[in-house]
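Heads up: the sequence shown runs through residues -11 to 386, numbered per my numbering.
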Amino acid sequence: MTEATAPAEALKRLSDEGVSIWLDDLSRTRIRSGNLAELVATRHVVGVTTNPSIFQAAIGTGEGYEDQLADLAVRGVTVDEAVRMMTTADVRAAADILHSVHLATDGRDGRVSIEVDPRLAHDTAATVAEAKQLAWLVDRPNVMVKIPATKAGLPAITEVIGLGISVNVTLIFSLERYREVMDAYLAGLEKARANGLDLSAIHSVASFFVSRVDADIDRQLTALGTDGALALKGKAALANARLAYEAYEEVFGSADGSTPPGGRWAALADAKATRQRPLWASTGVKDPAYKDTLYVEELVAPGTVNTMPEATLNATADHGDVTGDTVSGGYDRARADLAAVAALGISYDEVVTRLEDDGVAKFEMAWEDLLNTVTTSLTSKAAEASEAADTNKGADAE
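Okay, structure coming up:
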């Protein structure tokens, strides 16, 4: 029995609790080998997320991309076009694999996300244009375009949703920014309704990053070194995420319907709009002292998505302990934990601002690394094609 086909009762329980399991990884090898389809069949995977770092790791190896790189080199395309062609091809193929899930869930799941060029994170108009281009190139109803939750990204989210394109909002770290993201989504739905679009076909998730919050705050707690400070390690990220879920319920109502929606959302819900679900991102632990399933087991709540690297997915399948909702009702404790961190002089605002800036910068760096790798490959493939052409000419002359 392979690792991917081993019993995965914890993943089933997680799914039964209303958590959609998405894989935070994609590569051409994973697609062609049948691994992605196997994870869908045996691991309760119902979606896929990608980002610049994931594509840099996949395409950087060159495995599975050689023929396409050779064709692109002969055509003389730019490196930006080459990267766009390769990444959208992978997302299109993954979307096809997940198409049956998309149909079975009425569009809720079966989603594959692709991110706009991270260099556009602070340019609203360029982000909108890129999102439209990516949606057109992938050309699948279950694609989601990822837009970072920067200040410039907020109006882009509204505009893209207003065009009927489903959006995965990424790099959310702060509660304030999360509320702005929800507002941007509602404004986009209102635009879409004014444009006469079918709101039930528009979906969105808000990717709230988890482990990076602990990595930053734990570093500061460790530096303080007091018993009180060390006792707070590993608590800030979960507290932050739980309060994000509380904010979600305030806007969209509780997932079980016990708290009815109100305000702007009520009218949109009547028009068959879908909720923008919270998505827990960055769920692989950074500190090896923590249980490797920490950010899965402690963030179980209905109507959410947990996107996991494969190591976290396999760890959950192997020894995850899913016992029910671990988010709802924990809001007072969460506020107390964040207040205790603040009382030690650690600034929440400084942390989340730094994490957003660092997140954008890391994705830009990964994208630049990818462009450099593909540039080298295109140059090499073009030289090989030229050499082959010269050889053929010589043979013809003889």
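Where a beta carbon is used, it is the ideal one built from N, C-alpha and C, also for glycine.
- Where ARG1 is concerned, the enclosing alpha helix (DSSP H) starts and stops at -3 to 4.
- Looking at THR30, VAL169, ASN130, the one whose alpha-carbon comes closest to that of ALA82 is ASN130.
- Segment contact: the region 57 to 68 against the region 151 to 166, fewer than three CB-CB distances shorter than 8 angstroms; contact not assigned.
- Under the Cβ criterion (8 angstroms, minimum of three pairs), the region 300 to 317 does not count as touching the region 325 to 338.
- ALA322 places its beta carbon 8 angstroms or farther from that of ALA(-4).
- Contact between PRO266 and GLU5 does not hold, since the beta-carbon distance rounds to 14 angstroms and is not under 8 angstroms.
- Residue pairing of PHE196 in beta bridges, as defined by DSSP: ILE160, TRP268.
- For SER88, same chain residues with a beta-carbon under 8 angstroms away, outside a window of 5 residues either side, are GLY98 in chain order.
- With 16 or more other CB atoms across the displayed protein chains lying within 10 angstroms of its CB, HIS90 is buried.
- Cβ-Cβ distances below 7 angstroms link HIS32 to ALA(-4), LEU(-1), LYS0, SER3, ILE9 in the same chain, with the five nearest sequence neighbours on each side left out; the list follows chain order.
- In this structure, DSSP gives ASN228 a helical state, which the three-state scheme calls helix.
- Separation of ASP346 and LEU174 (C-alpha to C-alpha, rounded to the nearest whole angstrom) is 28 angstroms.
- Look at SER101 here: in three-state DSSP terms it is strand.
- With a threshold of 16 other beta carbon atoms within 10 Å, LEU226 meets it and is buried.
- Following the DSSP letters along the chain, one finds GLY48 inside the alpha helix (DSSP H) bounded by residues 40 to 49.
- Between the alpha carbons of LEU218 and ARG252 lies a gap of roughly 42 angstroms.
- ASN294 is bridged by DSSP to ILE9, TRP268.
- DSSP places ILE135 inside the beta strand (DSSP E), whose first and last residues are 131 to 136.
- Within the DSSP bridge table, the entry for VAL315 names no partner.
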